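Engineer:
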Amino acid sequence: MLEPFGVTGSEETLYRALLTAGDATPAALAESVGQSPALTARRLRALEAKGLVVRTRGRSVRFRAAPPDLAIEVLALDQQQRIERARAAAAELAALRPGGVRSRGVPLMVVRGPEANTGRYLQAQLAAREEVLILDKPPYLADGVEPQYDLQLELMARGVTYRTVYDSRSLEEPGQFERVEQLARAGERARVVDGVPLKLLITDRSSGLLPLGSGEPRESVALEPSPLLDGLLALFESLWARGTPLWSSPKEAGLDTVGRRMLGYAIAGCTDAAIARRTGLSKRTVERRMRALMDALGARTRFQAGLQASRRGLAE
């Protein structure tokens, strides 16, 4: 079934075995499928490179199959990227004909259409090896929110670092605050700023994706190393330095789960009424607990509470 994506029959057999097993060592897999340990190890490396399997953390090396829907999406996006490169090469070859015009090597490409933009956004992250930087603000493509969430969890499990600066308005979107909280627990470093000026994705500080407005048709600019990318990197770092850390660290220093979430909501700019709705507490209880939390931090305002939480290691 996966042969059109460059997956051999033997590799697919291993992938199917892992889907059944949950996770397994290379030796156990080799025995279950009747392959030699050396071949199994080589095929597992190939599957890992294609995003079909991931290594699990522990004392012994074990592998786990990536979810099939996400795995197939990864393969499809990789194939789409190959097609885009082939089209770009075709344009360069066309310039060799008499009367042809050669590309001047401008370090950007325009991506048009909602599906192409969603695909490119995910594909850019799949190419990341070390770090992904994101400026996040509404509005969002409805069909891109959950795939982004699933992919980010998968990549962070592989060791890719995520730093995200959220516009405070983005956390008011339905379900967004809960997703951001789960991402933080999985390792995302998040800060919040009022008035993030644009959406931005930068991978490994060497390529970027810059959406152009929110109207139709959807368009983004894919960036290669250039002064423009350097300027956007500087913008991200400036906003990161100015942003307020959003979530409490694992060191929570006595904060219970509700207190930690209340601190996150407060730093994000939520009112007491909004915090009450999100936590299921009464507005009076929220006011009382927020007052106690601010007193404990020696803060007169919520902004000061965020700064004090950061300084004391309650937020990171």
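Okay, so the sequence shown: first residue is 1039 according to this note's numbering, each after it adds one. Backbone N, C-alpha and C fix where the C-beta goes; we use that ideal spot for every residue, glycine too. None of the values given here were measured: they were computed from a predicted structure.
#1: Residues in the same chain with beta-carbon distance under 6 Å from T1199, minus the five sequence neighbours each way, listed in chain order, please.
#2: Could you tell me whether the Cβ atoms of L1273 and L1238 are closer together than 9 Å?
#3: Our contact map puts V1092 next to R1196 with C-beta atoms below 8 Å; I'd like the distance itself, whole angstroms only.
#4: So Y1204 is in the beta strand (DSSP E); what residue range does that whole segment cover?
#5: For G1302, does the three-state DSSP call read helix, strand or coil?
#6: Per DSSP, which one or two residues make a beta bridge with A1228?
#7: What would DSSP say about K1289, mapped onto helix, strand or coil?
#8: Please determine, among L1236, V1234 and L1191, the residue with the shortest C-alpha to C-alpha distance to V1218.
#9: Count the other C-beta atoms from every protein chain shown that fall within 10 angstroms of the C-beta of T1241, then say buried if there are 16 or more, exposed otherwise.
#10: So, helix, strand or coil for S1264, using DSSP?
#11: Kindly indicate which three-state DSSP category L1271 falls into: helix, strand or coil?
#12: Measuring CB atoms only, is the stretch 1047-1057 touching the stretch 1071-1089, in the sense that at least three cross pairs come out at less than 8 Å?
#13: In chain order, what residues of the same chain have a beta carbon less than 7 Å from the beta carbon of Q1214, not counting five sequence neighbours either side?
#14: Starting from T1078, trace the alpha helix (DSSP H) in both directions and tell me its first and last residue.
#15: Please report the Cβ distance between P1185 and E1111, rounded to the nearest whole angstrom; I am assuming they are in contact, meaning their Cβ atoms lie under 8 Å.
#16: According to DSSP, M1147 sits in a beta bridge with which residue or residues?
#17: Do you know how far the Cα of C1308 is from the Cα of T1323?
#18: Return the first residue and the last residue of the beta strand (DSSP E) that D1174 is part of.
#19: Does the Cβ-Cβ distance between T1156 and L1179 come in under 9 Å?
#20: Nearest to V1203 by alpha carbon, out of A1311, L1271 and M1332?
#21: Measure the alpha-carbon distance for E1211 versus S1074 and round it to whole angstroms.
#22: With 16 other CB atoms within 10 Å as the buried threshold, where does E1153 fall?
#23: Could you give the DSSP three-state label for L1250: helix, strand or coil?
#24: Ordered along the chain, which non-local residues of its own chain (more than five positions away) have a Cβ less than 7 Å from that of A1165?
#25: Let me make sure I understand the geometry here. Which of S1258, R1097, R1100 and G1089 has the alpha-carbon closest to that of D1107?
#26: Could you give the residue range of the beta strand (DSSP E) that holds T1058?
#27: For P1283, name the three-state secondary structure that DSSP assigns.
#28: From the DSSP secondary-structure annotation, give me the bridge partner or partners of A1103.
#29: Measure the CB-CB distance between A1260 and S1244 and report whether it falls below 9 Å.
#30: Quick one: residues in its chain with C-beta nearer than 8 Å to the C-beta of D1174, no 5 flanking neighbours on either side, listed in chain order?
#31: Taking the alpha-carbon positions, what's the A1330 to L1301 distance?
Structural biologist: According to the structure data:
#1: E1169
#2: yes
#3: By a beta-carbon distance limit of 8 Å, V1092 contacts R1196. Their separation comes to about 6 Å.
#4: T1199 to D1205
#5: helix
#6: T1202
#7: Confidence at K1289 is low in this model, with a pLDDT of 43, below 50, so the placement of that residue should be treated as unreliable; the coordinate-derived value is given next. The DSSP-derived three-state label of K1289 is coil.
#8: For the residues L1236, V1234 and L1191, the minimum Cα distance to V1218 belongs to L1191.
#9: When all chains shown are included, T1241 counts as buried.
#10: coil
#11: DSSP places L1271 in helix when its eight states are reduced to three.
#12: yes
#13: S1208
#14: P1075 to A1087
#15: Confirmed, Cβ separation roughly 7 Å.
#16: In DSSP, M1147 forms a bridge with A1260.
#17: C-alpha separation (whole angstroms): 15 Å.
#18: E1169 to D1174
#19: Yes; because the gap between Cβ atoms is below 9 Å, this pair is in contact.
#20: Minimum Cα distance to V1203 is reached at L1271.
#21: 51 Å
#22: Exposed.
#23: coil
#24: T1241
#25: G1089
#26: Boundaries around T1058 are those of the alpha helix (DSSP H), G1047 to A1059, since no beta strand (DSSP E) includes it.
#27: strand
#28: V1091
#29: Cβ distance not < 9 Å, so A1260 and S1244 don't count as in contact.
#30: Cβ within range, chain order: T1202, V1203, Y1204, D1205, S1208, V1234 and K1237.
#31: Between the alpha carbons of A1330 and L1301 lies a distance of about 11 Å.
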